[in-house]
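S.K.: Protein chains in written order, with numbering that gives the first Met the number 0: chain F, 0 to 123; chain E, 0 to 97; chain H, 0 to 154; chain V, 0 to 81; chain U, 0 to 490.
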Amino acid sequence: MTAFEFLQGYSAYILLVVVFAIGLYGMMMKQNLIKKIMGMSIVQSSVILFFIVSAYKEGATVSVLDPALGLENPDLYLNPLPHTLMLTAIVVAVVTLGVSFALVIMIHKRYKTLHEPTLLELMK
Amino acid sequence: MKAIRILALAAFSAVMMVAVVHLPPKGDPHSPANRVENVLKGPVAGAYYIQNSYPDAKTPNMVTVILADYRGFDTLGETVVVFAGGVACLYLLRRRTA
Amino acid sequence: MNEVTRDIVLRRHMEGPIVSPIVHVCIRGLVPFIQIVGLYVYFHGHYSPGGGFQGGVLMAASIILLRMSLGLADSQAVMPNRLPIPLAAVGALIYAGTGLFAMVAGGSYLDYGFLPIPGLEPAMLRNLGILMIELGVTLCVMSTIISIYDNLLGS
Amino acid sequence: MLPWLIEIILFTVLIVAALVALGLRNLLAAVVTLSIFSFMSASIMVKLGAIDVAFTEAVVGAGAVGVINILAILLTSRKSAD
Amino acid sequence: MSDSNLPLLIPFIFLLAALFVPLAGSIRRWASQPLAVIACLASLGCSLAGLQRVFTSGTMRHYLAGWQPPIGIEFVFDPLAAIFCVLLTGVGALVLIYSGPIAVQEIMGKRIGFYSLAMLLLAGLTGMVVTGDLFNLYVFLEISALASYALVAIGDHRAPLSSFRYLTLGTVGACFYLMGLAFLFMTTGTLNMGEMARMLPLVNQQPQVVIGIVLILLGAGLKMALFPLHTWLPDAYTNASSPATALIAPIGTKVAVYMMIRVLIITGFPPIIAAISWVAAIGIIAGSILAISQTNLKRMLAYSSVANIGYIVLGVTLANPLAFIGAVLHILNHALMKAVLFMAAGGIFNKMGTLDISQLRGLPKKMPITTAAFLIAVFSMVGIPPTGGFFSKIYLIFGAIEASAWVFVAAILISTILNFFYFFRVIDFSFFKPYTKSDPAREQAGETMKMDEMSPSMLLTTLILSAAIVVVGVYNGELVDQFIARAVPGF
């Protein structure tokens, strides 16, 4: 395998691992709760993109039946299974986000701040 | 403390990258998830869906057929997750306590 | 935007309409089109990208636009505040009920081929079953997103 | 070669958007940047042929989540200490 | 409807009930609790029928929508799943009956929400137990997780922040799980557990498979609060309302352990688990030591949960039949014990108004029956025969001896002593600390302290569960021979 082929095949995965790490960085290092939620949604997006990249086939078309291509050769269509799974995962991510904002609003109503160290101080 | 966290994160990403470069490359039509027959000579789900979704449900969009029929229970679970989120927000944020 | 302006914006948002006529006219023009697109996305999910979830989110977006321009109080006529959660339950029930119907008729759970509608071959029954459950998903998603918006705003 | 380059450019914008969103102290700006992140991931999905998922991601990431996000920020505070 | 529908019905009844409880509750508010209890009992009936059928005629499978496994989703109802289902629905039903009076007092306005979320939680947990598909497992995981975040957040004023930390860590756990699943899916091309178990030996020892398994175990570890990843658990359990804690604490983390067991069975107990048993052993000791230094009763019980998860994970990862039996028996015991302890703690908080351990004097006089139930659970926690805890620890120790892992034997024994210490503090303060002469007002209060027990339904359910602890202990031989030994996978 030449270096270029390697890059073509794996650059997407490697960059997605970087995105995953950025999201984790946001969750671990940032002290504002909304920033933490942003990090969380970045992590979720990276996992979703990871599945989508895995479904890609070179030279294949969108997974909607094209009468001109027929159904005999599966190599002509993208793998629809990861797409389906990730539709579910996106929905789950959105709902988790909604619930986390509800919690953030509850916290802000009680303590008037979203800075985590201050909150832990106030909770004592 | 901060340095330890960043080091842990860096180590984690390095390990992940080692794993990632052993996966089948992007766009490979013969990777285990994309091919027609698996190592046990059984059908692979992805190719089966492509070949049979139109005859089974007369619906050209394969993703819809998988979503609603082949893996319909996932979507029921998804609907219930959505419902759970709505119930959670309602009861967490409701102002009147009665 | 300082604290005071934010309070004014939010209070207006919750109690009365936004005064600007431009916003009113634009949103009144937009909402029906968004709803038609939402319905199209739901019905056309069989032939093109789309389906219950996307259609539901679009429908919810149209109602959220109304909430934004008219205020929470005046947009009650379109979607009353207490309706979303029962509607979401009804949506999920449509889904679960379709599956249960197929199970009672002799198949597995969610096996639409066994739906007791005469005169249709199993493939068409599956087509119909998919449409049914997508309706449930649309209802559930639409009302839940509206409910989350309402609750965040009204808290 | 060219499709790969397009993909790399999209990924670069994605990563930059993620970093900027986490770095900004003005939360409203961060939310808008996060919408860019979401839109870029939808573009990558289109590039990879996942039209259904891209549609959902665009509707949700730029629409519903953006609205809920901005609403939450208006209801809480707009500034972040880091 | 044929018999093979039983595994479907167990989570499905909860799903339906979760939809009906808010509807019924908005019409008649009192109707929410009976409906939830009825659903739970119906599901318990299905679980018992399924248990009976599994142990007479073998594993049951239900193909959803009629599609065979690699194409569709299947539900697998094997002996282990049957035991877990009975445990979940049984404990759930009793806790829901218990929660009636206390929910009125603690979370009056949010009762309907509590019961609908409880139904969703149980639906998610039982679904995770019966499903045979790895992605379906993720969906159910998220249902149960969302419900438990919301249940934790309905509590005192610190609850939302605890719930937020639980939410972020839980979501990261779910993302780790999904990432690991992506690795396994891309290597094998299937999501079905049975098929993956047959395919993984062909690709074993490749780095992406090993790291995928590690990621999944990391996700499960975050969900079950294994020692270094436990940071969300004490806050969440302490700040949630009493009925919510009594519901989540016994069963919530156990299902994550079940998930781990399933993944380990699929992957054929890879060598990496030796590292996890060391982590678990450290967790046993650290959890016990942290528990000693707590002053709040619920917080102390939460740390003891961390230690007990260590026992269970140690038993699973020792990878021999005796230790596995010990782990399953300990899951059973620990669910019962923690249910009794948290239910009693809820009653104590309700009547005494505090959970500070040093304020508990006069407890036996005030609430004798609750104290008796509490003591039975404490004996089981420490491991005094004939309670169940003794036997599960014996099995774990024998398992460790069989694996020649003397360090782990020592860890279990040391932690038993530590267990004794931290529970002795509670007993000491409630039984033996006299009312000092220097504080006449308190002495007066102590002498006039009337018996003031929990309401009958709470008392009855607590007693049933504490009787169950003794029953599990006395009949442990039959239990292991008849049920648990047949759920042991091949090692």
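C-beta atoms are modelled at their ideal positions from N, C-alpha and C, and glycine is treated no differently.
Compare the C-beta of H:S142 with all C-beta atoms of chain F and state if any pair is closer than 8 Å.
M.R.: Judged by the 8 Å Cβ criterion, H:S142 is not in contact with chain F.
S.K.: Take E:G85 as the anchor and find which of H:Y148, H:D149, H:H23 and H:T143 has the nearest alpha-carbon.
M.R.: Measuring from the Cα of E:G85, the nearest candidate turns out to be H:T143.
S.K.: Alpha carbon to alpha carbon, how far is V:L21 from F:L6?
M.R.: Computed Cα separation, rounded: 28 Å.
S.K.: Under 8 Å between beta-carbons, which chain F residues line up against V:F38? List them in chain order, please.
M.R.: Per Cβ cutoff of 8 Å: no residues; V:F38 is ~11 Å from chain F at best.
S.K.: Within its chain, find whatever has a CB closer than 8 Å to the CB of E:T96; leave out the 5 residues flanking it on each side and keep chain order.
M.R.: Bear in mind that the predicted position of E:T96 carries a pLDDT of just 45, short of 50, making it too unreliable to give a figure here.
S.K.: In chain order, which alpha helix (DSSP H) runs of at least 4 residues are fully inside the region 75 to 130 of chain U?
M.R.: Within the region 75 to 130 of chain U, the complete alpha helix (DSSP H) runs of at least 4 residues are 78 to 105 and 110 to 129.
S.K.: For a contact meaning CB atoms closer than 9 Å, what does E:P31 contact in chain H?
M.R.: By Cβ distance, chain H contributes nothing, its closest Cβ being about 27 Å from E:P31, past 9 Å.
S.K.: Verify whether the separation of the beta carbon atoms of V:A61 and V:S42 is less than 8 Å.
M.R.: No; because the gap between Cβ atoms is not below 8 Å, this pair is not in contact.
S.K.: Any heavy atom of the ligand GTP closer than 7 Å to the Cβ of U:I356?
M.R.: The ligand content of the structure shown is nil, which means the ligand GTP is not present either.
S.K.: Output yes or no for whether 8 Å exceeds the beta carbon distance between H:G51 and H:V140.
M.R.: Yes, the Cβ-Cβ distance between H:G51 and H:V140 is below 8 Å.
S.K.: Quick one: does E:G76 have its CB under 8 Å from some CB of chain H?
M.R.: E:G76 does not count as touching chain H.
S.K.: So V:I43 contacts chain F; which residues on that side make the cut at Cβ distance below 7 Å?
M.R.: Ordered by position in chain F, the residues that pass the 7 Å Cβ test against V:I43 are L48.
S.K.: In angstroms, rounded to a whole number, what distance separates the CA positions of U:G108 and F:Q30?
M.R.: Approximately 33 Å, taken between the alpha carbons.
S.K.: Once DSSP output is grouped into helix, strand and coil, what is the label at U:M59?
M.R.: Correct three-state label for U:M59: strand.
S.K.: Listing by chain order, which chain U residues have their CB less than 8 Å from the CB of H:L109?
M.R.: Residues of chain U passing the Cβ test: L63 and A64.
S.K.: Since H:S47 meets chain F, which of its residues come closer than 9 Å, beta carbon to beta carbon?
M.R.: Going along chain F in sequence order, the residues near H:S47 (Cβ under 9 Å) are V63.
S.K.: Using a Cβ cut-off of 7 Å, which residues of the region 81 to 94 of chain H contact any Cβ in chain U, in chain order?
M.R.: If the cut-off is 7 Å between Cβ atoms, the region 81 to 94 of chain H has I84, P85, A88, A91 and L92 near chain U.
S.K.: Looking at the unbroken alpha helix (DSSP H) that takes in U:W277, where does it start and where does it end?
M.R.: Residues I272 to I291.
S.K.: Near V:R77, which residues of its chain fall below 8 Å by C-beta distance, leaving aside the five closest residues on each side in sequence?
M.R.: So the qualifying residues of the chain are N25, L26 and L27.
S.K.: Under three-state DSSP, which class holds E:L92?
M.R.: In the structure shown, E:L92 sits in a helix (DSSP, three-state: H, G or I).
S.K.: Does H:F52 have its Cβ less than 8 Å from a Cβ in chain F?
M.R.: H:F52 counts as touching chain F.
S.K.: Starting from the N-terminal side, write out each stretch of the alpha helix (DSSP H) that is 4 residues or longer and does not extend beyond the region 342 to 408 of chain U.
M.R.: Here the runs fully enclosed are 362 to 365, 367 to 381 and 387 to 401.
S.K.: Using a 10 Å radius around the Cβ and a threshold of 16 neighbouring Cβ atoms, would you call H:R81 buried or exposed?
M.R.: H:R81 comes out exposed.
S.K.: So, under 8 Å CB-CB, F:L102 and U:L166 are touching, yes? Tell me the CB distance rounded to an integer number of Å.
M.R.: About 7 Å separates the two Cβ atoms, so the contact holds.
S.K.: What does U:S162 reach in chain F if we use C-beta pairs closer than 7 Å?
M.R.: The contacting residues are L102.
S.K.: Going by DSSP in three states, V:E56 sits in which element: helix, strand or coil?
M.R.: In this structure, V:E56 counts as helix in the three-state DSSP scheme.
S.K.: Does E:P42 come out as helix, strand or coil in the three-state DSSP assignment?
M.R.: Reduced to three states, the DSSP call for E:P42 is strand.
S.K.: Between which two residues does the alpha helix (DSSP H) carrying U:I260 extend?
M.R.: Element bounds for U:I260: S241 to I265.
S.K.: Within the chosen definition, does the region 127 to 142 of chain U reach the region 255 to 262 of chain U through at least 3 CB pairs nearer than 8 Å?
M.R.: The region 127 to 142 of chain U vs the region 255 to 262 of chain U: in contact.
S.K.: Using a 10 Å radius around the Cβ and a threshold of 16 neighbouring Cβ atoms, would you call U:G218 buried or exposed?
M.R.: It is buried - the Cβ of U:G218 has at least 16 other Cβ atoms within 10 Å.
S.K.: Using the Cβ count rule (16 or more neighbours within 10 Å means buried), how would you classify E:M0?
M.R.: So E:M0 ends up on the exposed side.
S.K.: Which first and last residues belong to the alpha helix (DSSP H) in which H:R66 is found?
M.R.: G51 to D73 is the span of the alpha helix (DSSP H), which, as asked, contains H:R66.
S.K.: Just by C-beta distance, which residues in the region 150 to 180 of chain U are closer than 7 Å to chain H?
M.R.: Answer set for the region 150 to 180 of chain U: empty.
S.K.: If we count the other Cβ atoms within 10 Å of its Cβ and call it buried at 16 or more, is U:H156 buried or exposed?
M.R.: It counts as exposed.
S.K.: Could you tell me which residues DSSP puts in a beta bridge with V:K78?
M.R.: According to DSSP, V:K78 bridges with V:N25.
S.K.: Along the region 56 to 90 of chain E, what residues have a CB closer than 7 Å to any CB found in chain V?
M.R.: Under the 7 Å Cβ criterion, the region 56 to 90 of chain E contributes V62.
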